[in-house]
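Novice:
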Amino acid sequence: MTLTAQNRSAATKDRGAVIDQNCGAVLDSEHVGDIRGALGTIRLDDTAPRRGTSAVLKTLLAIIGPGLIVMCGDNDAGAFATYGQAGQNYGTRLLWTLLLLVPVLYVNQEMVLRLGAVTGVGHARLILERFGKFWGAFSVIDLFILNALTIVTEFIGITLAAGYLGLPKIASVVLAALVIVCAAFTGSFRRFERIAVAFCAGSLLLIPLYFLSHPGPSQMGRDFVLPQLPGGSGQLATVMLLIIGIVGTTVAPWQLFFQQSYVIDKRITPRYMQYEKADLWIGIVIVVIGGAAIMGATTAAFAGTHAFGQFTNAAGLAAGLQAHAGRVAGVIFAVALLDASIIGAFAVSLSTAYAIGDVFGLKHSLHRGVKGAKGFYAVYGGLIGAAAAIVLLPGSPLGLLTEGVQTLAGVLLPSASVFLLLLCNDREVLGPWVNGSKTNIFTGAVVAILISLSVILTASVLFPQISPRQITDIMAGCGAVSVLAAGWALTRRLRAPEAARCAAIDRSGRDSWRMPSLALLQRPAMSAGRKVGMSALRLYLAVAMILVIVKVVQLAVAH
């Protein structure tokens with residue numbers, strides 16, 4: 058439910074707290090007010106129905122931003138390297154992974170945008186409040202470490218692009234860091250979003266790159282729909298590592314934290330849920346087109362050459378594209394890489410700053426100036442400054458670090474998806490907006506698949522000569538465990554009291570429903586089975602992370 062103009066006037070007098078009960082649990086008073094997007098404005102007291110194409114389009118333009126930015130940030134420097142490696146080493150035979158990830162992207166991001174619009178509270182704070190300090194701290198620490206490393210990969214992309222374009226490394230890194238910091242430090246949400254959307258438009262450079270490279274569209278069409286594992290048993294561990302890297306770069310944990318908090322900071326409420334979903338779909342289409350364009354272009358550039366199967370880094374991809382399609386193609390790729398790296402740094406840094414602000418109760422809004430949110434901007438600027446400094450250190454294995462970060466993201470994603478699923482089934486949190494059974498079944502299957510991929514990764518690290526039959530056995534074993542877990546959950550549901558089992562979700566009036574203050578929520582009951590399951594998942598993920606890090610270090614030493 059939106060506030061009236063009178064409510065808004067009262068809120069202005071007391072910026073330390075949100076005074077209207079319909080604001081629910083909003084933690085920062087700047088998260089309530091007019092929606093001031095890059096492409097339009099919606100006043101807080103504008104409750105008129107949207108009738109006619111013009112009104113709908115104007116509303117959509119004002120809402121566009123969270124989904125577009127998070128998805129364009131998804132096709133960042135790590136994605137360029139990962140998709141490019143897939144194209145250079147295996148052609149378009151891993152293109153099917155992008156198509157399979159589309160429903161995963163939508164369902165995951167739709168759940169977090171729903172959480173943001175309905176609760177007004179960031180992802181990190183919800184985990185802390187609903188699952189306790191241990192789980193909240195664990196999730197935030199995971200996020201902070203992975204995001205810090207991811208931002209380093211964005212600056213790796215900046216240095217590689219600058220090097221190809223003949224620009225001085227130090228000056229390029231410093232200038233990029235200043236652009237990223239200054240864009241956020243304006244004290245205006247609208248100015249930041251306009252800058253970010255302008256960079257998002259740069260993602261469209263991958264379309265002319267695709268046509269300049271002349272890839273085989275019929276082969277790409279087949280590889281989109283026919284899953285296969287190239288390379289044979291001798292390269293199976295490497296291929297599986299790359300597939301998990303593709304999963305990690307396409308569906309990353311930071312995306313969940315970023316979009317939920319950004320939706321809140323943009324002041325989007327449940328009333329505009331459908332428009333935000335459209336925004337998300339626009340972003341997803343751009344992600345898939347961009348990833349496919351990179352794979353197709355690099356396949357065309359390296360097929361039949363001595364460099365096929367010999368991926369080095371993104372600069373090598375640009376050089377190969379130049380040799381195949383001319384200098385213009387190489388420059389377009391480098392500029393698109395530079396653009397993508399900056400967008401990624403925007404989004405990943407913000408997701409971290411938002412999460413820290415949520416957990417520690419700091420003011421955390423782009424609507425505030427630096428003086429009004431010092432801790433928020435200190436985290437953001439500190440991450441950018443540290444990453445810029447690291448990439449300037451001589452001798453760093455930058456290419457391997459990029460691949461390792463994407464793989465780590467794939468390993469950590471199952472735990473993030475588990476918390477997301479639990480939160481979206483918490484009626485205290487989402488009320489009439491909780492998941493339906495179909496969404497739960499799909500998301501449960503996604504979590505099972507992600508865990509299976511993670512187990513395969515661990516096995517591939519431990520046993521580099523693992524065979525296709527052994528991988529099939531692992532998948533079958535994980536599938537059996539998933540079936541047993543689903544059967545156990547179904548049995549518990551059937552044994553529940555009939556009233557609880559048959560209780561329907563009342564979704565009436567949900568456009569005006571907001572989560573009450575966190576202090577008013579009843580703490581969820583944590584069953585013994587859930588505690589055991591979550592503890593086992595965390596233990597496994599910790600072991601898997603260590604093994605992946607060991608693998609990357611071994612590759613770095615060999616390199």
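According to my numbering, the sequence shown holds residues 58 to 616 in order.
Where is the CB? At the ideal position from N, CA and C, for every residue including glycine.
This one's a predicted model, so the numbers in the text were calculated from it and none came from an experiment.
1) Does the separation of the CB atoms of Ile-213 and Ala-294 fall below 8 Å?
2) Going by DSSP, what residue range makes up the alpha helix (DSSP H) through Ile-301?
3) Count the CB pairs spanning the region 264 to 273 and the region 485 to 495 that are closer than 8 Å, and state whether there are at least three.
4) Determine the contact status of Phe-314 and Tyr-434, defining contact as a CB-CB distance below 8 Å.
5) Using CA coordinates, which residue listed in Thr-243, Val-491, Met-532 and Ile-603 is at the minimum distance from Arg-564?
6) Which of the three DSSP states, helix, strand or coil, is assigned to Ile-498?
7) If you follow the beta strand (DSSP E) that Ile-121 is in, where does it begin and where does it stop?
8) Who are the Cβ neighbours of Leu-423 in its own chain at under 7 Å, not counting the five residues just before and after it?
9) Is Gly-414 helix, strand or coil when you go by DSSP?
10) What's the gap between the Cα of Gly-223 and the Cα of Ala-446?
11) In its own chain, which residues sit with a C-beta less than 6 Å from the C-beta of Gly-438, not counting the 5 before and 5 after it?
12) Pick out whichever of Leu-118, Leu-594 and Leu-575 has its Cα sitting closest to the Cα of Tyr-332.
13) Under the rule that 16 or more other beta-carbon atoms within 10 Å means buried, what is Trp-545, buried or exposed?
14) How long is the line joining the alpha carbons of Met-330 and Pro-123, rounded to whole angstroms?
15) Beta-carbon within less than 7 Å of Ile-351's beta-carbon, same chain only, minus the 5 sequence neighbours each way: which residues are those?
16) Could you compute how far the alpha carbon of Gly-305 sits from the alpha carbon of Val-178?
17) Rank Met-297, Leu-479, Gln-611 and Ser-569 by C-alpha distance to the C-alpha of Met-583 and give the top, closest one.
18) One question on the structure: do Ser-318 and Gly-173 come within less than 8 Å of each other, judged by their Cβ atoms?
19) In whole angstroms, give me the CA-to-CA distance for Ile-508 and Ile-531.
20) If you scan the region 239 to 293 from start to end, which runs of the alpha helix (DSSP H) of 4 or more residues do you find wholly inside it?
21) Going by C-alpha to C-alpha distance, which of Ile-523, Ser-229, Leu-547 and Ala-82 sits closest to Asn-497?
22) What first and last residue would you give for the alpha helix (DSSP H) that runs through Gly-626?
23) To the nearest angstrom, report how far apart Thr-176 and Gln-522 are at their CA atoms.
24) Do the region 195 to 213 and the region 361 to 368 touch if we need at least three Cβ pairs shorter than 8 Å?
25) In its own chain, which residues sit with a C-beta less than 8 Å from the C-beta of Gly-536, not counting the 5 before and 5 after it?
26) Are Gly-130 and Val-405 closer than 8 Å when you measure CB to CB?
27) With a threshold of 6 Å on Cβ separation, who are the neighbours of Thr-307 within its own chain once the five nearest residues in sequence on each side are excluded?
28) Taking the alpha carbon of Ser-474 as the reference point, which residue from Phe-191, Gly-353 and Ala-181 has its own alpha carbon closest?
29) What are the boundary residues of the beta strand (DSSP E) that includes Arg-93?
30) Provide the residue span of the beta strand (DSSP E) that contains Gly-97, from first to last.
31) From Phe-626 to Ile-603, what does the alpha carbon distance come to, in whole angstroms?
32) With DSSP collapsed to three states, give me the class of Phe-520.
33) Check this for me: beta carbons of Ala-253 and Phe-403, under 8 Å apart or not?
34) Please say whether Leu-470 and Ala-601 have beta carbons closer to each other than 8 Å?
35) Given a threshold of 16 other Cβ atoms within 10 Å of its Cβ, counted over all protein chains shown, does Ser-111 qualify as buried or as exposed?
36) Leu-465: which of Leu-299, Val-614 and Leu-395 sits nearest, CA to CA?
Specialist: Considering the structure as presented:
1) In the sequence shown, counting from the first residue as 1, residue 213 sits at position 156. In the sequence shown, counting from the first residue as 1, residue 294 sits at position 237. Contact flag unset, no.
2) For the purposes of this step, residue 301 is taken as the residue at position 244 of the sequence shown. From DSSP, the alpha helix (DSSP H) with Ile-301 extends over 293 to 307.
3) no
4) Looking up residue 314 in the sequence shown gives position 257. Looking up residue 434 in the sequence shown gives position 377. No, the Cβ-Cβ distance between Phe-314 and Tyr-434 is not below 8 Å.
5) If you number the sequence shown from 1, residue 564 lands on position 507. Nearest option by C-alpha distance: Val-491.
6) Here residue 498 refers to the residue found at position 441 when the sequence shown is read from its first residue. DSSP places Ile-498 in helix when its eight states are reduced to three.
7) Here residue 121 refers to the residue found at position 64 of the sequence shown. Element bounds for Ile-121: n/a, residue is neither H nor E.
8) The residue labelled residue 423 in the question sits at position 366 within the sequence shown. So the list reads Ala-241, Phe-246, Phe-249 and Asp-322, once near-sequence residues are dropped.
9) As a position in the sequence shown, residue 414 is number 357, starting the count at 1. Reduced to three states, the DSSP call for Gly-414 is helix.
10) To locate residue 223, count along the sequence shown from 1; it is residue 166. To locate residue 446, count along the sequence shown from 1; it is residue 389. So the alpha carbons of these two residues sit roughly 20 Å apart.
11) Working through the sequence shown from its first residue, we reach residue 438 at position 381. Within the same chain, Gly-438 has close Cβ partners Val-238.
12) Within the sequence shown, the letter at position 275 stands for residue 332. It is Leu-118.
13) Residue numbering aside, residue 545 sits at position 488 when the sequence shown is read from its first letter. The residue is exposed, with fewer than 16 neighbouring Cβ atoms inside 10 Å.
14) Start at 1 with the first residue of the sequence shown, and residue 330 comes out as number 273. Start at 1 with the first residue of the sequence shown, and residue 123 comes out as number 66. One C-alpha to the other measures close to 12 Å.
15) Numbered from its first residue, the sequence shown carries residue 351 at position 294. If we look at Ile-351 and ignore the five residues flanking it on each side, its Cβ neighbours are Phe-137, Tyr-140, Gly-141, Gly-144 and Leu-263.
16) Your numbering for residue 305 matches position 248 in the sequence shown. Your numbering for residue 178 matches position 121 in the sequence shown. About 25 Å.
17) Indexing the sequence shown from 1 puts residue 583 at position 526. That would be Leu-479, whose Cα lies nearest to the Cα of Met-583.
18) Counting from one through the sequence shown, the residue named residue 318 turns up at place 261. Counting from one through the sequence shown, the residue named residue 173 turns up at place 116. Result yes, Cβ atoms of Ser-318 and Gly-173 sit closer than 8 Å.
19) Within the sequence shown, numbered from 1, the residue matching residue 508 stands at position 451. Within the sequence shown, numbered from 1, the residue matching residue 531 stands at position 474. Straight-line Cα distance between these residues: approximately 11 Å.
20) 246 to 258, 263 to 270 and 274 to 282
21) Residue mapping note: residue 497 aligns to position 440 of the sequence shown, counting from 1. When each option's Cα is compared against that of Asn-497, the closest is Leu-547.
22) With the chain covering 58 to 616 only, the question about residue 626 has no answer from this structure.
23) For the purposes of this step, residue 176 is taken as residue 119 along the sequence shown, with counting starting at 1. For the purposes of this step, residue 522 is taken as residue 465 along the sequence shown, with counting starting at 1. Their Cα atoms are separated by approximately 48 Å.
24) no
25) One-based indexing of the sequence shown puts residue 536 at position 479. Cβ within range, chain order: Ala-505 and Ser-509.
26) On the sequence shown, residue 130 is found 73 positions in, with the first residue counted as 1. On the sequence shown, residue 405 is found 348 positions in, with the first residue counted as 1. In this structure, Val-405 lies closer than 8 Å to Gly-130 by Cβ.
27) If you number the sequence shown from 1, residue 307 lands on position 250. The answer, listed in chain order, is Leu-158.
28) Taking the sequence shown and counting its residues from 1, the one referred to as residue 474 is at position 417. If we check each option's Cα against that of Ser-474, Ala-181 comes out closest.
29) Indexing the sequence shown from 1 puts residue 93 at position 36. Where Arg-93 is concerned, the enclosing beta strand (DSSP E) stretches over 92 to 94.
30) Along the sequence shown, read from residue 1 onward, the residue named residue 97 stands at position 40. Here the beta strand (DSSP E) through Gly-97 covers 97 to 99.
31) Because residue 626 is not part of the residues shown, which for the chain are 58 to 616, the question remains open.
32) Against the sequence shown, residue 520 aligns to sequence position 463. Coil at Phe-520, not helix or strand.
33) Position 196 of the sequence shown, counting from 1, holds the residue named residue 253. Position 346 of the sequence shown, counting from 1, holds the residue named residue 403. Yes. Within cutoff.
34) Here residue 601 is taken as the residue at index 544 of the sequence shown, counted from 1. Here residue 470 is taken as the residue at index 413 of the sequence shown, counted from 1. It is not a contact, given that the beta carbons lie outside the stated cut-off.
35) The residue given as residue 111 occupies position 54 in the sequence shown. Under this definition Ser-111 is an exposed residue.
36) Indexing the sequence shown from 1 puts residue 465 at position 408. Nearest option by C-alpha distance: Leu-299.
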